[in-house]
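These protein sequence lines map, in sequence, to chains R and H.
So the number in the working numbering is just where the residue sits in the first sequence, counting from 1, plus 568.
So the number in the working numbering is just where the residue sits in the second sequence, counting from 1, plus 3.
Beta carbons are placed, not taken as given, at the ideal position from N, Cα and C, and that holds for glycine.
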Amino acid sequence: MDPDAGRAWNEDSEIGRLRLYSLTGGRTAPTQPLDLASLVHASAAHPGPLDGEHRQIHSLVRTEARSIAELAGLLRQPATVVKILVADLLDSGALVHATPYFDADPTNVEILERVLAGLRELAL
Amino acid sequence: MPAYVNSPSDPASRPGAMKILVVGGYGVGKTTLVGAISEIEPLTTEADVTEASTDQDRTAGTEAKATTTVALDFGRITLLRHGLQLLLFGAPGQPRFWFMWDDLATGALGAVVMADTRRLADCFPIVEYCERLRLPFVVAVNEFDGSFPYLAEEVRDALALTERVPIRTCDAREPASVQAVLITLAEHALALHRAQRPLTH
Chain R
569 MDPDAGRAWN EDSEIGRLRL YSLTGGRTAP TQPLDLASLV HASAAHPGPL DGEHRQIHSL
629 VRTEARSIAE LAGLLRQPAT VVKILVADLL DSGALVHATP YFDADPTNVE ILERVLAGLR
689 ELAL
Chain H
4 MPAYVNSPSD PASRPGAMKI LVVGGYGVGK TTLVGAISEI EPLTTEADVT EASTDQDRTA
64 GTEAKATTTV ALDFGRITLL RHGLQLLLFG APGQPRFWFM WDDLATGALG AVVMADTRRL
124 ADCFPIVEYC ERLRLPFVVA VNEFDGSFPY LAEEVRDALA LTERVPIRTC DAREPASVQA
184 VLITLAEHAL ALHRAQRPLT H
């Protein structure tokens with residue numbers, strides 16, 4: 569893993585802005601709605617040839633589902649950019665939404681009971 | 004291919020995500036707390052947030068909005084057996100960052116409001132905001148070296164918290180201490196939602 573992974577991305581440079589622009593092909597919005605907590609993982613389909621950032625994302629979610637927030641932190645790119653790239657991969661079928669076993673609704677009592685049980689079981 | 008693609012009946016294989024917010028004034032230990040319990044190296048996530056206009060006499064539906072980028076601490080706890088990823092977001096608590104809360108609080112289980120007893124006033128706006136959003140929250144008093152030991156009830160009085168809001172002291176560096184805070188938050192959220200559930204059956 570990149571030793572700098574997790575360090576805040578620095579947007580205060582012209583090069584940084586140009587790079588962002590080229591990463592997304594100048595796009596500023598994803599083709600489908602995603603938020604920081606959206607979980608994605610690689611689909612069973614072979615993804616075909618992918619360019620650098622798309623390939624990085626695909627390989628990060630091959631063995632486990634990760635959220636947009638985590639991918640943005642790992643890639644050191646703003647979440648907005650990662651949403652655009654993830655949406656590309658969802659559109660092409662290389663990634664799929666992790667469809668949860670149950671709806672993770674934080675007001676649902678059964679889900680909260682699961683959270684509580686899980687936190688109590690946590691071996692640190 | 005990941006194993007979970009083929010096991011749709013196993014919760015662990017089909018995870019959902021739930022957000023937990025960690026908020027407090029500058030230097031109160033948000034990054035430390037997230038790092039103490041996260042199973043991954045804590046990350047910094049640059050998120051765009053929408054700033055709603057605070058113009059008091061705006062007309063409904065015509066709020067001016069601006070977008071700003073903020074840095075959030077990010078950490079994760081996977082509750083494997085329960086098919087859940089808890090996503091921890093450490094967010095700045097200063098009033099100038101309030102605008103991000105609407106985005107972050109949507110779909111969140113609740114918030115840990117971190118308090119430094121030397122600067123309790125930093126918590127006022129955060130507590131007020133959680134109450135307004137009806138977001139379950141607990142107050143975690145981070146015990147620093149040299150911080151003045153307050154009684155929970157003194158903190159409750161100072162922050163004008165109702166009896167229901169749990170207050171805990173914690174050591175943000177200690178995983179078990181942070182775990183206890185999150186358990187308290189989950190218990191509190193559960194109690195609130197149980198009380199709100201309509202008695203239809």
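Assuming residue i and residue j form a contact by the criterion Cβ under 8 Å, report the distance between their Cβ atoms to the nearest whole angstrom.
i: L87 (chain H); j: I23 (chain H); result: Incorrect: roughly 11 Å between the Cβ atoms, too far for contact.
i: L591 (chain R); j: E638 (chain R); result: About 18 Å; that fails the 8 Å criterion.
i: T648 (chain R); j: D51 (chain H); result: 5 Å
i: I625 (chain R); j: L604 (chain R); result: Actually they are not in contact, since the Cβ atoms of I625 (chain R) and L604 (chain R) sit about 15 Å apart, beyond 8 Å.
i: A206 (chain H); j: A672 (chain R); result: Given that chain H is displayed from residue 4 to residue 204, the structure contains no residue 206 (chain H) and the question cannot be resolved.
When the Cα of residue i is compared with those of the options, which residue comes out closest?
i: A39 (chain H); options: H:V73, H:I80 and H:H196; result: H:I80
i: F670 (chain R); options: H:G28, H:L195 and H:R17; result: H:R17
i: G686 (chain R); options: H:A155, H:A183, H:E157 and H:L83; result: H:L83
i: G616 (chain R); options: R:S606, R:T667 and R:G661; result: R:G661
i: T72 (chain H); options: H:M103, H:Q199 and H:L91; result: H:M103
i: A691 (chain R); options: H:K33, H:S180 and H:T34; result: H:S180
i: D105 (chain H); options: H:I129, H:L123, H:R122 and H:E42; result: H:I129
i: S606 (chain R); options: R:L588, R:L680, R:L663 and R:G593; result: R:L663
For residue i, which of helix, strand or coil comes out of DSSP?
i: Q182 (chain H); result: helix
i: S41 (chain H); result: coil
i: A609 (chain R); result: It should be noted that the sequence gives His, not Ala, for residue 609 (chain R). Of the three classes helix, strand and coil, the one that applies to H609 (chain R) here is strand, per DSSP.
i: R17 (chain H); result: coil
i: H191 (chain H); result: helix
i: D174 (chain H); result: coil
i: F1 (chain H); result: Since the first residue of chain H shown is 4 and the last is 204, residue 1 (chain H) is not available in this structure.
i: R595 (chain R); result: coil
i: G620 (chain R); result: helix
i: I23 (chain H); result: strand
i: T675 (chain R); result: coil
i: E2 (chain H); result: An answer regarding residue 2 (chain H) cannot be provided, because it is not within the stretch 4 to 204 covered by chain H.
Among residues of its own chain, excluding the 5 on either side of residue i, which ones have a beta-carbon nearer than 8 Å to its beta-carbon?
i: Q600 (chain R); result: A655, L658 and D659
i: A118 (chain H); result: G27, V31, D125, C126, V142, A143, V144, N145, V158 and L162
i: P668 (chain R); result: L607
Kindly list the residues whose CB is nearer than 7 Å to the CB of residue i, restricted to its own chain and excluding five residues on each side of it in sequence; keep chain order.
i: P178 (chain H); result: A39 and I40
i: L138 (chain H); result: A108, A111, G113 and A114
i: L628 (chain R); result: R634, L639 and L642
Near residue i, which residues of its chain fall below 6 Å by C-beta distance, leaving aside the five closest residues on each side in sequence?
i: R171 (chain H); result: A143, V184 and T187
i: T47 (chain H); result: A74
| query | Between the region 669–684 of chain R and chain H, which residues of the former have a C-beta closer than 9 Å to a C-beta of the latter? | reply | Y669, F670, D671, A672, D673, P674, T675, N676, V677, I679, L680, E681, R682, V683 and L684
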